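Enquirer: I am attaching a structure below and will ask some questions about it afterwards.
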Amino acid sequence: MRSRLLALWALALAPFAAALDAPRPSPRPVPAATTPAAQPSAAAYRLEDPLPFDPVVRRGTLPSGMAYYIRRNQRPEHRVALRLAVDAGSILEQEDQRGLAHMLEHMAFNGSRHFAPGELVAYLESIGARFGADANAYTTFDETVYMLEVPTDRGGLVEKGLTALADFAGGWTLSEKEIDKERGVVLEEWRLGQGANSRLQRVQLPVLLHGSRYAERLPIGLPDVIRKFDPARLRAFAREWYRPDRMAVAVVGDVDPAQAEKWIRGTLGDLPAAPPGPTRPQASIPAHPETLVSVATDPEARVSGVSVIYKHPQLEQQTVGDYRRSLVETLFHAMLNARLAEVARRADAPFLGASSSAGTLGRTVETEVLSAIVPDGGIATGLRAVLAESERVRQHGFAPAELDRATRELLAQYARAWQERDKSESSSYAREYVSHFLTGEPSPGIDVELALVRQFLPTITLDEVRDMTRRLLHEDSRVVLAVAPDKAGVAVPTEADLRTALAAVAQAAITPWEDRTAGRQLLEHPPAGGRVVSRRALEPLGVTVLTLSNGVEAWLKPTDFKNDQVLFGADALGGASLAEPSTVLEALLSPIAVGEMGVGGFTPGDLEKLLAGKLVQVSPEVQQYTHGISGSSTPADLETALQLVYLEFTAPDDRAEGFEVLRRRLQTAVAHRASDPGSVYGDTILSLNTGDHYLYRPIKPEDVPGLKRDASLRFYRARFANAADFTFVFVGSFDVDTVTPLVARYLGALPSTGKATGRFEDRGLSFPEKTRTAEVRRGREPRSTTTITFFADAGGSEQDRRLALTAAGVVRNRLRSLLREEMSGTYGVSVSYSDVQPARGYGTMTVSFGSSPENASKLTSAVFDELDRLQDGALAPADLGNEQEIERRELEVAQRQNGYWLGSLRRMRVLGRDPLLLRKRRQEIDNVTPEALQSAFRRYFPRRRYTQVVLMPETAPATGR
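Residues 83 to 1043, numbered by the numbering used here, are exactly what the sequence shown covers, in order.
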């Protein structure tokens, strides 16, 4: 099972991030399953009123003290999300139990009262639930949560899923044989987490969690404990802390709540109450009067960065007044983040990216975090700069226009959530109820939340938002954490340097922020547009195809999958294959360059301000063989989205400052790739599999100074000069007749020759003809990764592609069973098929797994032996049957998602295939026979044409098959 140690801050700035709790709950749109006719209450709320609990949810308590939450929800249809939340995690472990909370989570899937070892996963796969995606669990400091997603369209499936939860709650077998097998799996999970971040974490976590037991109770535990613990200590932990009165079950999905309640009482109601036991302790994180500072370096660190963490006692979230306070805090962070983003876009910015966010540490401490990624040698300067922006707010506050934009953005998010109130995913509700049980996070429902937002947002003043700096940003219980590569030439500040920076900001007189806006509309003079010259229907797919007067095709598929979502994309053949080898980097980077330089005379910051309150996203893209555009909007904002598309095609700006921002960010991103074991390993695989083809060559530090702005912009303009090359696809909540005039006006006005001329160049990409191997020696930790890539051209047909995907799924399941469950040699195995479209003749099947260095060769041999058995016909009926059922179930869910249809229609159009073939997806799955699959194993896993690359630590013994 995965151990989800939720992060406080992200990227390489947070080497200790994996050990921290999640961003703390704040007002956010959480959809509620109200009827379409329902409206948010107009009743006025008083600040002292308690926040209600969503009345749609059926709640109760079993005789054992176990709580339950039930909600009917039909996203996805014929599915239910089942959760068991246990108020117990690694913080409760004794010294000789470190890692056993997580081990118990693993063991719950390895033998129980109703499922022998291996039976539960096999059963779940037989009903279409994929291990990992639909059956998983996680352990943190304070909690353990088990998660199942099961179908509801056959009798007995939900009840059996609840039976599994009952076993998770206390029906484990915990046989010593299975415990000993699982030790290796958990050790491999620990091994996966080792590297630069874990080493930096060990230095900085004790500083962040100064004086707290949390610093000594990482959920992954200690390897020596996992190897040697007495099974009696695992049973003792389970007996002491897994108590029904500290558990809750959530059932959310396409079920009748009354029936679900009967099932819960029938399967979990007879669990006995636990005998009196110890009070569940709540670990604290002590306050400290001073500022603590830690500077840590590592040879494998990728970037330099700094964070300032302000800790303060957790505040209640129980009343309407608490909710209003959280709205103020949300606005504060949004407005400060907007300023930080604007500073980062300057060519001489002291940081490359910065953020302000709220989080939690454990269950008793809240945090405010200011963090920045900086150029090497710029930690102290970046610290001063990011603190200066918070100090600027303290001294001068925000401008009315800033509050107006942030308010409109927040209100738009809530309004959209309310629009989607009956189309929210069951898993999101289940997650919400788990949080309510474990931490008391409010769950009033979106009707109440939108009403609160509408009532209180207009009453929030600039002074209130400014005052957040005084409450949140303080010198006591403050921690400064800095990380940097340990490299010659990289200047690293001392603790004294950072304290000097802190003092300098505290004493500085800072000028007010100047809030600039473009002061004009997105399109001052909208185009006259084109006209629709033909219209035809692909009736079986519900698609209307429009051909416009400039040659553009638009495929329109209205759906009811979401109430307030439109997704769209466009593609043309060509991409970077049309660039000269000397400018291919400029070609691939051209959409990012335009994103930094702006369009239509608007900088990126101008656009963000102009579009405040609109839920619109538009992004051009250039791949190796195609180029195009992707986007999303609400139905109400679709015209704005199309205006942006028009500008992306017709008005990319040539702004030197924007290109220099891109250059600086790239330089930082790639400066230390050669020191990162994972990057070197991935680059080696890519180089070997493509013959070091220039279209797939990663960017290197020496490439960045020579990037040419004019070459990038010239390529971009050439690719988007003829709109007739493009087919646009729109999927979502819209009316075809309403959208058609907008499509004609904006897409019909795009520049065009009137005739499609799009093509791509075959640049000779090929897979090695013979087996090739390589060993990469990088890294200091005792970990290895093995990747075997087979040549696997699927031949072009959709049925062949399905055969390849099914073969990958079967091999993945077999290797997981062998390498993980039987040999205890790895945490997981990845098997995946990919091809290069629209180019033909290149496809790969990749098998990858991590292990200890000493086991890499043995596991590799086991992989090839298992492939030999499959190629010789050792296929059990359940191997194919289970994979097909999983694929059918995944298809059922996917076909009710806008993203599936957008991607599928775009793909079929790029390949020039009949889109009506999409109706045969279920048939393609059913058509896979054991005979065809055996042939596929030989075809897609050829023993004479593959590459094998092994990552070994620098001091490991040599490898070999």
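Think of the CB as a built atom: it goes at the ideal place given N, C-alpha and C, for glycine as much as any other residue. The structure presented is a predicted model; accordingly, all values stated were derived computationally and were not measured.
Ignore the nearest five residues each way along the sequence and tell me which others in serine 906's own chain have a CB closer than 6 Å to its CB.
Expert: Translated into positions along the sequence shown, residue 906 becomes position 824. Result list for serine 906: Lys263, Gly266 and Val267, in chain order.
Enquirer: What would DSSP say about glutamate 703, mapped onto helix, strand or coil?
Expert: Position 621 of the sequence shown holds residue 703. Note: glutamate 703 maps to strand in three-state DSSP.
Enquirer: Report the three-state DSSP secondary structure of leucine 777 (helix, strand or coil).
Expert: On the sequence shown, position 695 is the one that residue 777 refers to. Reduced to three states, the DSSP call for leucine 777 is helix.
Enquirer: Put glycine 601 into one of helix, strand or coil per three-state DSSP.
Expert: Along the sequence shown, read from residue 1 onward, the residue named residue 601 stands at position 519. Note: glycine 601 maps to coil in three-state DSSP.
Enquirer: Do leucine 563 and isoleucine 674 come within 8 Å of each other at the CB atom, strictly closer than that value?
Expert: Translated into the one-based positions of the sequence shown, residue 674 becomes position 592. Translated into the one-based positions of the sequence shown, residue 563 becomes position 481. No.
Enquirer: Going by DSSP, which residues form a beta bridge with asparagine 218?
Expert: Here residue 218 corresponds to residue number 136 of the sequence shown, with the count starting at 1. Met229.
Enquirer: Taking all protein chains shown into account, decide if alanine 440 is buried (16 or more other Cβ within 10 angstroms of its Cβ) or exposed.
Expert: Here residue 440 corresponds to residue number 358 of the sequence shown, with the count starting at 1. Classification for alanine 440: buried.
Enquirer: From Glu130, Gly351, Pro783 and Ser280, pick the residue whose C-alpha is nearest to that of glycine 403; which is it?
Expert: For the purposes of this step, residue 403 is identified with residue 321 of the sequence shown, where counting begins at 1. Out of Glu130, Gly351, Pro783 and Ser280, Glu130 has the C-alpha closest to the C-alpha of glycine 403.
Enquirer: Cutting at 6 Å between CB atoms, please list the residues of its own chain near aspartate 216, excluding the five before and the five after it.
Expert: The count along the sequence shown starts at 1 and reaches residue 216 at position 134. Annotation for aspartate 216: Glu231 place their beta carbon closer than 6 Å to its own, counting only its chain and skipping 5 residues before and after.
Enquirer: Between Ala497, Thr599, Glu1006 and Leu726, which lies nearest to leucine 605 when the distance is taken from Cα to Cα?
Expert: Locating residue 605 in the sequence shown gives position 523, where the first residue counts as 1. Comparing Cα positions, the closest option is Leu726.
Enquirer: Inspect the beta-carbon positions of tyrosine 915 and alanine 886 and report whether they are closer than 8 Å.
Expert: Counting from 1 along the sequence shown, the entry for residue 915 is found at position 833. Counting from 1 along the sequence shown, the entry for residue 886 is found at position 804. Alanine 886 is positioned such that its CB atom lies closer than 8 Å to that of tyrosine 915.
Enquirer: If you draw a straight line from the C-alpha of threonine 777 to the C-alpha of arginine 236, how long is it?
Expert: The count along the sequence shown starts at 1 and reaches residue 777 at position 695. The count along the sequence shown starts at 1 and reaches residue 236 at position 154. Looking at the sequence itself, residue 777 is leucine, so the reference to threonine does not match. Leucine 777 and arginine 236: Cα-Cα distance of roughly 49 Å.
Enquirer: On a Cα-Cα basis, can you pick out the residue from Tyr296, Gly252 and Val377 that is closest to glutamate 322?
Expert: Counting from one through the sequence shown, the residue named residue 322 turns up at place 240. Scanning Tyr296, Gly252 and Val377 for the CA closest to the CA of glutamate 322 turns up Gly252.
Enquirer: Using only the alpha-carbon positions, how far apart do glutamate 936 and aspartate 954 sit?
Expert: As a first step, residue 936 is located in the sequence shown; it is residue number 854 there, counting from the start. As a first step, residue 954 is located in the sequence shown; it is residue number 872 there, counting from the start. So the alpha carbons of these two residues sit roughly 29 Å apart.
Enquirer: On the DSSP letters alone, give me the boundaries of the alpha helix (DSSP H) that tyrosine 909 sits inside.
Expert: Here residue 909 refers to the residue found at position 827 when the sequence shown is read from its first residue. No alpha helix (DSSP H) contains tyrosine 909, which DSSP labels as neither H nor E.
Enquirer: If we ignore side chains and look at the alpha-carbon of each, how far apart do proline 368 and glycine 293 end up?
Expert: Taking the first residue of the sequence shown as 1, we reach residue 368 at position 286. Taking the first residue of the sequence shown as 1, we reach residue 293 at position 211. Straight-line Cα distance between these residues: approximately 6 Å.
Enquirer: Less than 8 Å between the beta carbons of alanine 654 and glycine 710, yes or no?
Expert: In the sequence shown, the residue the question calls residue 654 occupies position 572. In the sequence shown, the residue the question calls residue 710 occupies position 628. Yes; because the gap between Cβ atoms is below 8 Å, this pair is in contact.
Enquirer: If you draw a straight line from the C-alpha of valine 918 to the C-alpha of valine 203, how long is it?
Expert: Taking the first residue of the sequence shown as 1, we reach residue 918 at position 836. Taking the first residue of the sequence shown as 1, we reach residue 203 at position 121. Going from the Cα of valine 918 to the Cα of valine 203 covers about 33 Å.
Enquirer: Okay, do the stretch 629-646 and the stretch 781-794 touch, 3+ Cβ pairs below 8 Å being the bar?
Expert: no
Enquirer: I need the boundaries of the beta strand (DSSP E) containing glutamate 507, first residue and last residue.
Expert: As a working note, residue 507 is residue 425 in the sequence shown. It is not in any beta strand (DSSP E) - glutamate 507 carries neither H nor E in the DSSP assignment.
Enquirer: For the alpha helix (DSSP H) that arginine 989 lies in, which residues bound it at each end?
Expert: Counting from 1 along the sequence shown, the entry for residue 989 is found at position 907. Unbroken alpha helix (DSSP H) run through arginine 989: 980-993.
Enquirer: Cβ of threonine 926 within 8 Å of Cβ of threonine 868?
Expert: The residue labelled residue 926 in the question sits at position 844 within the sequence shown. The residue labelled residue 868 in the question sits at position 786 within the sequence shown. Contact flag unset, no.
Enquirer: Does DSSP put arginine 140 in a helix, a strand or coil?
Expert: In the sequence shown, counting from the first residue as 1, residue 140 sits at position 58. In this structure, arginine 140 counts as strand in the three-state DSSP scheme.
Enquirer: Under 8 Å by Cβ, that's how I've got phenylalanine 643 and leucine 544 pegged, so tell me the actual separation to the nearest angstrom.
Expert: Mapped onto the sequence shown, residue 643 falls at position 561. Mapped onto the sequence shown, residue 544 falls at position 462. With a Cβ gap of about 40 Å, phenylalanine 643 and leucine 544 do not count as contacting.
Enquirer: Cα-Cα, which of Ser757, Leu689, Ala658 and Asp819 is closest to glycine 840?
Expert: Position 758 of the sequence shown holds residue 840. Ranking Ser757, Leu689, Ala658 and Asp819 by Cα distance to glycine 840 puts Ala658 first.
Enquirer: Give the DSSP-derived three-state secondary structure of histidine 1054 in the structure shown.
Expert: Given a span of 83 to 1043 for the chain in the structure shown, any question on residue 1054 remains unanswerable.
Enquirer: Based on the DSSP output, what are the partners of tyrosine 150 in its beta bridges?
Expert: The sequence position of residue 150 within the sequence shown is 68, counting from 1. In DSSP, tyrosine 150 forms a bridge with Gly142 and Val331.
Enquirer: Is DSSP giving glutamate 635 helix, strand or coil here?
Expert: The residue you call residue 635 lines up with position 553 of the sequence shown. Correct three-state label for glutamate 635: strand.
Enquirer: Based on the DSSP output, what are the partners of glutamine 1030 in its beta bridges?
Expert: Residue mapping note: residue 1030 aligns to position 948 of the sequence shown, counting from 1. The partner list for glutamine 1030 (beta bridge, DSSP) reads Thr855 and Ile870.
Enquirer: At what residues does the beta strand (DSSP E) containing valine 627 begin and finish?
Expert: Residue mapping note: residue 627 aligns to position 545 of the sequence shown, counting from 1. Residues 625-630.
Enquirer: Which residues in the same chain have their Cβ closer than 7 Å to the Cβ of proline 305, if we skip the five residues on either side of it in sequence?
Expert: For the purposes of this step, residue 305 is taken as residue 223 along the sequence shown, with counting starting at 1. If we look at proline 305 and ignore the five residues flanking it on each side, its Cβ neighbours are Leu269 and Trp272.
Enquirer: Alpha carbon to alpha carbon, how far is leucine 520 from proline 371?
Expert: Residue mapping note: residue 520 aligns to position 438 of the sequence shown, counting from 1. Residue mapping note: residue 371 aligns to position 289 of the sequence shown, counting from 1. Rounded to the nearest angstrom, the two C-alpha atoms are 30 Å apart.
Enquirer: For threonine 218 and phenylalanine 191, what's the separation of their Cα atoms in angstroms?
Expert: Here residue 218 is taken as the residue at index 136 of the sequence shown, counted from 1. Here residue 191 is taken as the residue at index 109 of the sequence shown, counted from 1. Looking at the sequence itself, residue 218 is asparagine, so the reference to threonine does not match. Roughly 9 Å between the two C-alpha positions.
Enquirer: Given that a residue counts as buried once 16 or more other Cβ atoms are within 10 Å of its Cβ, and exposed if not, what is arginine 1025?
Expert: Start at 1 with the first residue of the sequence shown, and residue 1025 comes out as number 943. It is exposed - the Cβ of arginine 1025 has fewer than 16 other Cβ atoms within 10 Å.
Enquirer: With respect to the beta strand (DSSP E) encompassing serine 714, which residues constitute its N-terminal and C-terminal limits?
Expert: The residue labelled residue 714 in the question sits at position 632 within the sequence shown. Here the beta strand (DSSP E) through serine 714 covers 708-715.
Enquirer: Taking the straight line between their C-alpha atoms, what separation do you get for glutamate 473 and tyrosine 511?
Expert: Position 391 of the sequence shown holds residue 473. Position 429 of the sequence shown holds residue 511. Glutamate 473 and tyrosine 511: Cα-Cα distance of roughly 38 Å.
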